[in-house]
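At position 56 of the sequence shown (counting the first as 1) the number is 56 in the UniProt record's numbering, and the numbers step up by one without a gap. The C-beta atom is built at its ideal place from N, Cα and C for all residues, glycine as well. Just so you know, these numbers come straight off a predicted model, no measurement behind them.
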Amino acid sequence: GHGLRIGSIMMPGMLGFPESLNTTLLYPHDPARAAALMKEAGVTRARVTFTWPSGAYYATLPVDRLAQKLRADLAKVGIELQLQPVQESVFLPYFRAGKPQTILAYWFPDFLDPDNWTILVNGLINRRFHWQSPEALKIVTEAKATADGRRREGLYERYNRLLAAPDAPYVFLVQPSNVIAAREDVLNVRYHSLYSLEIDSLRRK
1 GHGLRIGSIM MPGMLGFPES LNTTLLYPHD PARAAALMKE AGVTRARVTF TWPSGAYYAT
61 LPVDRLAQKL RADLAKVGIE LQLQPVQESV FLPYFRAGKP QTILAYWFPD FLDPDNWTIL
121 VNGLINRRFH WQSPEALKIV TEAKATADGR RREGLYERYN RLLAAPDAPY VFLVQPSNVI
181 AAREDVLNVR YHSLYSLEID SLRRK
């Protein structure tokens, strides 16, 4: 219950990624359709090496647990994930070199503007997957250059749709929530949207 399913890279509610678009882009749980697609591809079983930073947490979500969940789910349709957890110090250079077959990773934004999520097409991340989308790159380049809010919104909506398209190398899963417990005698407990507890605002009753 401490998370939200997402259909693209951005947080639902951001400019260019309204809640309605997130709902539209969500992957439906349809094992029969998955099995049919495997059959259509001429594959009965597939084996894929699956790498992730072991011991990492995405907010309150243990990445190790999510990897096990994905393995169990995909096994039901004939896809075997060969689990390859590695230390984060090993994972990052391995990922940056574009070597993993399949990975599980997470992203924390540096600032809350849609431009910060364009790394999936501007050469920083997509090159690691040996993938390019000239259309998406053109869209985000135009969005970055315009000051027209409505224009930016429409462009980023198109961008999110392209990221969720079947030919993109990404599968978006979840936006976890941070959970903070505080005593009753502590006031002004606030968590900033960039993942920092505002300690300077805390007060005792």
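- The residues Ile9, Asn126, Leu163, Tyr170, in chain order, have a CB closer than 7 Å to that of Leu120 in the same chain once the five nearest residues on each side in sequence are set aside.
- Note on the stretch 45-110: whole alpha helix (DSSP H) runs with a minimum of 4 residues are 63-75, 88-96, in chain order.
- Three or more pairs of CB atoms, one per stretch, sit closer than 8 Å, so the stretch 80-97 contacts the stretch 47-58.
- When the five nearest sequence neighbours on each side are left out, the beta carbons in the same chain lying within less than 6 Å of the beta carbon of Glu198 are those of Arg190, His192, in order along the chain.
- According to the DSSP assignment, Leu4 belongs to the beta strand (DSSP E) that extends over 3-5.
- When secondary structure is reduced to three states using DSSP, Pro12 falls in the coil class, being assigned neither helix nor strand.
- No Cβ-Cβ contact shorter than 8 Å links Asn188 with Arg204.
- Burial is judged here by how many other beta carbons sit within 10 angstroms of a residue's own beta carbon; Trp117 has at least 16 and is buried.
- A distance below 8 Å between beta-carbons, with the five flanking residues on each side excluded, links Met38 to the following residues of its chain, in chain order: Thr44, Ala46, Val77, Gly78, Ile79.
- Annotation for Val174: no alpha helix (DSSP H) segment contains it, though the beta strand (DSSP E) segment containing it runs 174-176.
- Under the Cβ criterion (8 Å, minimum of three pairs), the stretch 149-165 counts as touching the stretch 10-20.
- Taking C-beta separations shorter than 8 Å and ignoring five residues to either side along the sequence, the partners of Glu19 in its chain run Pro12, Gly13, following chain order.
- Looking at the backbone, the Cα of Lys138 and that of Arg158 are separated by about 11 Å.
- Spanning the alpha carbons of Asp73 and Ile103 requires a straight line of approximately 16 Å.
- For Tyr191, the beta-bridge partners assigned by DSSP are Leu197.
- The stretch 103-115 makes contact with the stretch 52-62; the number of CB pairs closer than 8 Å reaches 3 or more.
- Boundaries of the alpha helix (DSSP H) around Asn22: 19-25.
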